[in-house]
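Chains A and B, in that order, give the protein sequences.
Quick note: the first sequence uses this note's numbering, first residue 336, plus one each step.
Quick note: the second sequence uses this note's numbering, first residue 336, plus one each step.
Don't be surprised by glycine CBs; every beta carbon is placed ideally from N, CA and C.
Note that the structure is a prediction, hence the values are computed from the model and not measured.
Below is one structure, written out as structure tokens; comments come after it.
Protein chains: 2
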Amino acid sequence: MTAPPPPPALDRLLSPRSIAMVGASNSPTRIGGTVFGNLLRAFPGEVHPVHPKDEVVQGRTAYRSVSDLPEAVDMAVIAVPARAVVDVVAECAARGIGGATVITSGFAEAGPEGRALQDRLTAVAHETGIRVIGPNCIGYMNTHGGVMANFMITPDQPLPESGPVALVSQSGGFGSYITNKAVLAGLRLGWFVSTGNEADVNVAQVLRHLVERPEVGVLLSFVETLRDPEIFMATARRAAELDKPLVLLKAGRSDEAARAAMSHTASIVGSAQVFDAVCRQYGVFVASTMEELLDLGTIFQDGRRAAGDRVIVMTSSGGAGVLLADEAGQAGLSVPELPAEEQAALEADMPLPFYGSTSNPVDTTAQTTAMPDAYRKVLNKVAASPSGDMVAAVTWAGPGPANDAIVEMYRNTAKPVAILSTAWSEQFQRAGVPTFTDPRRAMASLSALARLSARGPVPPDPEAFAADGDRVRRVRELIAAAGEETTLLESTGKSILAMYDVPVTREELVTGVDAAVEAAARIGGPVAIKVMSYRLPHKSDAGAIRLGLRGPDAVRDGYREMLDEVARRAPDARVEGVLVQQMAPARLELTCGVQRDPVFGPMVAVGLGGVLVEVLSEAVLLRPPFDADAAVAALGRLLGGRLVTGRRGLSEEELRATAQIMTGLGALALELDEVAEVDVNPLRVADGAVLAADALIVVRHD
Amino acid sequence: MTAPPPPPALDRLLSPRSIAMVGASNSPTRIGGTVFGNLLRAFPGEVHPVHPKDEVVQGRTAYRSVSDLPEAVDMAVIAVPARAVVDVVAECAARGIGGATVITSGFAEAGPEGRALQDRLTAVAHETGIRVIGPNCIGYMNTHGGVMANFMITPDQPLPESGPVALVSQSGGFGSYITNKAVLAGLRLGWFVSTGNEADVNVAQVLRHLVERPEVGVLLSFVETLRDPEIFMATARRAAELDKPLVLLKAGRSDEAARAAMSHTASIVGSAQVFDAVCRQYGVFVASTMEELLDLGTIFQDGRRAAGDRVIVMTSSGGAGVLLADEAGQAGLSVPELPAEEQAALEADMPLPFYGSTSNPVDTTAQTTAMPDAYRKVLNKVAASPSGDMVAAVTWAGPGPANDAIVEMYRNTAKPVAILSTAWSEQFQRAGVPTFTDPRRAMASLSALARLSARGPVPPDPEAFAADGDRVRRVRELIAAAGEETTLLESTGKSILAMYDVPVTREELVTGVDAAVEAAARIGGPVAIKVMSYRLPHKSDAGAIRLGLRGPDAVRDGYREMLDEVARRAPDARVEGVLVQQMAPARLELTCGVQRDPVFGPMVAVGLGGVLVEVLSEAVLLRPPFDADAAVAALGRLLGGRLVTGRRGLSEEELRATAQIMTGLGALALELDEVAEVDVNPLRVADGAVLAADALIVVRHD
């Protein structure tokens, strides 16, 4: 099977040089009138209305049909009743039009009939190559190209100020809402694209298109269903390469929301945990609220980067300074005390008597704020301080010299700056100074910027993963030996794990009591023995395991007792052999495995194992391929970091060994699509070593 | 020692019928001019300026000194240089003035000299009985009494709209800042009090005063240092009795902030974990950000209560509906699907064709919002639905019929309502409709309201705790037997625990190997033996313990080996005896103890025990006295609830047994001030029983 050719690019659709609109209206209160009015606002090229009766629409000559258009425009906006849409799009494709923006509702969101209509629309797009945005969207805005193909605002409202921020939203209504808020927050939106029902073009494809555009510096997105996860991951890698931040707000995380999302977009919602893990791994910021999405846009839009995590806090209120310092600490930033000589220099500029602090937070008191010259000097010294990488300043002054001084400070420094302000933010927003209304939001934003500035190497390219063909062939032989069985024997599972450099307990598969005794002698020390049978997945329930047997007699007695018990309790279970196995010591038990997510595919999970695995169900996840450093970082997040930093936690050696096991399982998952699930539990950790003591591998035969 | 008489009440200070101001100025740009101008704005009684030279200040006859005042006013505002403040306050007290609001800075925040000044101010207040707010504060506002004794705004700015919300802030600057934001957020502030350095009156005392005032319905507070924790707890109980919500924002949680707070208020910062635990126990809401403090004020200020946790979400954007449903789920609220007949009734009001949803979220689509009659009908049906306890509605419409319909719906229902809105919130705020700018903030606020509405009984009154005098006497005899030792023997500790109904392992303290063998026989089953010595707090390090000894020979051998090893490894340790102890089985190990917090005093802690205690340092805390239900609730929060709900977690029986141990330790902590620390580790949990297997009690001798 060869892959289908990639669909045509989105340039004609999203950066058209000429536009038509089918369903353009002379009535300004109708959607067809609003959108057409918007199209006329800023577009430098031709905009042709198509109307069945009117000769002229909003001053432009109208054409009877798409076929009558004087040119094959790049993009057509379509706002005709749902039942007519598919034919119009087909007509557009036949006329040589490159893209269609379908505003009309009444498709998959409206029940089975609409679903069928949408499927036909998808088919037309795929067959003809015309790229389609929508249906059931509010269109898009490309201020750089002057395209206002939307009804997110009416033609009498001012256009938002353009800039480096692109916002891509599946939901049109929400996109409009958030665009409104974005403008209030001082965000400079150059692009807004709503993808609606995504009959053809989806959020991931639009992000892939926009990440390459030079005028786009920050990508924000609101998604309910992430289609094309491979394109999403590739886009995230590309954003990392180009050092452009990508921020996602994901809806549909709770059960309540999953039902709401399914009823409104008729689409499947993936696992929020997997989504978060993949985003983290690929350097994508996951906003947890709408305001956080905007806050990150605000801190990222001026393109500044931080050299480190040290913030100097400027305040004229001690209390606000404490809150900012608090939030800095909680956000993982440092607020270092300034060195004595810097403090002395700051104090020299303060009015006397000075009751504030020069330590950091630098508390000028309200008195200094009221003295513009002194305040300006202090501000500029703080911004120039070699002890800080970022500046956070709180002001509740109204327009005047103090705020002018803050704007001046911002312009004179290349360091990131965050202002905490309530009532009078407009001046700062106009000047492009990132401005926040809550101490936590200010510091969380600076913290995100510090993480962006310090982000590590671009994650490995999934496309570049090379399977080890010889190994794959050998594993498939082992799987084939299981016949129709889907759960492999523990002994087979561990043989497979060993091929992926997963250290397993020393063990031998034997038949007969004498062979067991000899194997135990070769293995040395106390041993466990386990009955291998496809019918006994839960060995301890059937008495199919004996632990801690030391010496030939104990092995012999245990072997016989065990087989007797199994014969009694599970008479139908055919015994394939007995596994004689080293007893591995354990200070800690971990569990590690492979699961397959319906959206993102293979995921390697690692968590605490043993008895507590059910009490403490926490785990961290990684999408293969990943390198050992990524695995080490993931382990560092288990149990809030305590698995690595705790006194009885993993040593450096054990950490590296666990990371190697994780990369091995990642390779296994990528090489063998037929492996549905791997569960290594427990991984026994002691004295620098990590050993797989049990392993369950489930395969699909299809 | 008898307790000192309580200081005079705050009525004259905070609700004066006449006012004087020392340091009143004719210059509107000076603080003394701003405050005096504010005092003249709304106060119905006399306001007398005191000025050394000017005959008239801002139109009022001035007096040379406090002694020259024509009457003993209730309250004097003082804004004179720091060095003059103490004498002026003393003069006020001599003149019969009831309270002083000291605006002046330059006290404890300004170094040792200022600290000394402040101590003198405190002494004057305590000696004369005059109540003092400040110094280093921006004063207070009592709109109900017309008192604007502050410079948080200037006389030309409009007064905030009055209402049931009281805000008490240690930090004046922050208070001013947050007051500004509160007004923007539509919060109706009837009271704002800044307490500054708290030379006399502190936040807890002001809250205790305000909670009793009938016009106050909601108490908000920003604190850095909580002085008078007993008054705070009593106020919290009183707020629960009166069903008035109390919300605190606490600064100084991180190390960074602790340093900042100490440098700016020169005061000790307590443990954030203990603070949170006490607040939870006493029904106090802890806001984690400034905006959350305001959000809770917003949802609480109309005094509505929710009958349950079911929210109906109204939206005209599917995406916004999903986000709101998501946040509802994450905040612990439910978004139940509406029954078929309710859905049919809603659908009957929607315009055709209808592409939205009536399921909940009720997605009207933008089309319905544009049809005011239909929208109004749907809104009112949703508000009247028996399937919902609360309504959340999103709108991004500008002023017009749709928003009018929302206000009308709010007025027609007694249910709590939260509106999500961006640009056009003023209309809602004017009408008193709680309005939010982020889905999470809207739902977190409704969730807090649901918790407030469902809060349980008022916690027990610490004053009402009655010690068991006989038990105290018996415990003190045991402690006395330890002489000068501060760490009691395990055997003594467990005898004490048993008096507080803590089940301990069966055990006997013996001397001599034969006695040990006999004791082991009486105890039955395998036993542990442990050397009791004041010099061996860490028994296993010195070989002073043997586990799992079964039968006389094992006990005999173990006893001898153990004592030999101790003699060899710790030759100086005097052996007080050997404890022969039942080996208690364990499916789970817990740890439980008593600590003393410098602010809140005794705290009972419970957490996971055994090997993982260092990896998983999480614990929950309770301030005694508390009842068994409170202990059960606290255990339910351990490990994110999994300790109770997990398959291997605590059974109902084990849960009750653990709760009983906690209440026992609570009584011990309250009865015995000399017990500095109790550490019961492990508590062994198995088969419905919970047994203390080891116990460490540390006492103070003073």
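Whole-angstrom C-beta distance between residue j and residue i, which should lie under 8 Å
i       : j       : result
A666/B  : P696/B  : With 8 Å as the limit, A666/B and P696/B do not qualify as a contact, their Cβ atoms being about 15 Å apart.
P797/A  : M568/A  : 7 Å
A802/A  : E1006/A : 4 Å
A737/B  : T772/B  : Rounded, the Cβ-Cβ distance is 18 Å, inconsistent with contact.
V1004/A : P959/A  : Note on identity: in this sequence residue 1004/A is Ala, with Val being the wrong assignment. That belief holds up - the Cβ atoms of A1004/A and P959/A are roughly 5 Å apart, short of 8 Å.
V613/B  : F935/B  : 5 Å
Chain-ordered chain C contacts of residue i [CB-CB under 9 Å]
i      : result
P490/B : The structure shown contains no chain C; the protein chains it does contain are A and B.
Chain B contact residues for residue i, given Cβ-Cβ distances below 8 Å
i      : result
Y710/A : Ordered by position in chain B, no residue passes the 8 Å Cβ test against Y710/A, which lies about 15 Å from the chain.
L519/A : T757 and A758
A701/A : G508
S652/A : S506, G507, G508, F509, S511 and Y512
Strand pairing of residue i, partner residues [DSSP]
i       : result
L1026/B : R1019/B
N477/A  : V482/A and W526/A
T693/B  : Looking at the DSSP assignment, T693/B forms no beta bridge with any residue, so it has no partner.
L937/A  : According to the sequence as given, residue 937/A is Pro; it is not Leu. Answer is R931/A.
T700/A  : DSSP output for T700/A lists no bridge partner at all.
M356/B  : P384/B and V412/B
E1012/B : V1033/B
A1039/B : With chain B running from 336 to 1037 in the structure shown, residue 1039/B is simply not present.
T650/A  : D698/A
Q917/A  : V862/A
F557/A  : S504/A and L584/A
V845/B  : V913/B
A435/A  : A411/A and V467/A
Q754/A  : Going by the sequence as given, residue 754/A is Ile instead of Gln. Per DSSP, A728/A and T770/A.
F378/A  : Paired residues: none, contrary to the question.
Close beta carbons around residue i, own chain, < 8 Å, minus the five adjacent residues each side
i       : result
G1023/B : S986, E988, E989 and A992
E576/B  : V793
R790/B  : A575 and G618
Residue i: contacting residues in chain A (beta-carbon distance under 7 Å)
i      : result
Y690/B : S440, G441, E444 and A445
Interface partners of residue i on chain A, CB under 9 Å
i      : result
R775/B : S623, T624, M625, E626 and E627
Cutoff 6 Å; reference residue i; Cβ partners in own chain excluding five residues on either side
i       : result
E496/A  : R523
S440/A  : N471
G504/B  : Strictly speaking, residue 504/B in this sequence is Ser, with Gly absent from that position. Excluding residues within five positions, the ones whose Cβ falls inside 6 Å are G510, S529 and F557.
A1021/A : P920, A921 and R922
Beta-carbon proximity list for residue i, same chain, < 7 Å, skipping 5 on both sides
i      : result
S353/B : G380, E381, E406, V408 and D409
V518/A : P495
F509/A : F557
S830/A : L813
Contact set between residue i and chain B, taken where Cβ atoms lie within less than 7 Å
i       : result
F771/A  : What F771/A touches in chain B: nothing, since even the nearest Cβ is about 10 Å away.
D1014/A : What D1014/A touches in chain B: nothing, since even the nearest Cβ is about 17 Å away.
Cross-chain neighbours of residue i in chain B, by beta carbon under 9 Å
i      : result
S720/A : Residues of chain B passing the Cβ test: none, with the nearest at roughly 17 Å.
N515/A : W731, T757 and A758
Spell out a yes or no on whether the stretch 463 to 473 of chain B and the stretch 343 to 354 of chain B are touching, meaning 3 or more CB-CB pairs, one atom from each, closer than 8 Å. yes
- Query: Do the stretch 674 to 693 of chain A and the stretch 530 to 543 of chain A touch if we need at least three Cβ pairs shorter than 8 Å?
  - Reply: no
Contact the stretch 916 to 935 of chain B vs the stretch 859 to 871 of chain B: 3+ CB pairs below 8 Å: yes
inquiry  = Under 8 Å, with one C-beta from each stretch per pair, do the stretch 777 to 788 of chain B and the stretch 748 to 756 of chain B reach the 3-pair mark?
reply    = yes
(message) Using 8 Å as the cut-off, can you tell me whether the stretch 471 to 488 of chain A makes contact with the stretch 362 to 378 of chain A, which would need three or more C-beta pairs spanning the two stretches below that distance?
(response) Inter-segment contact for the stretch 471 to 488 of chain A and the stretch 362 to 378 of chain A is present: three or more beta-carbon pairs are separated by less than 8 Å.
>> Quick test of the definition: if touching needs 3 or more C-beta pairs under 8 Å, does the stretch 1026 to 1035 of chain B touch the stretch 831 to 842 of chain B?
In response: yes
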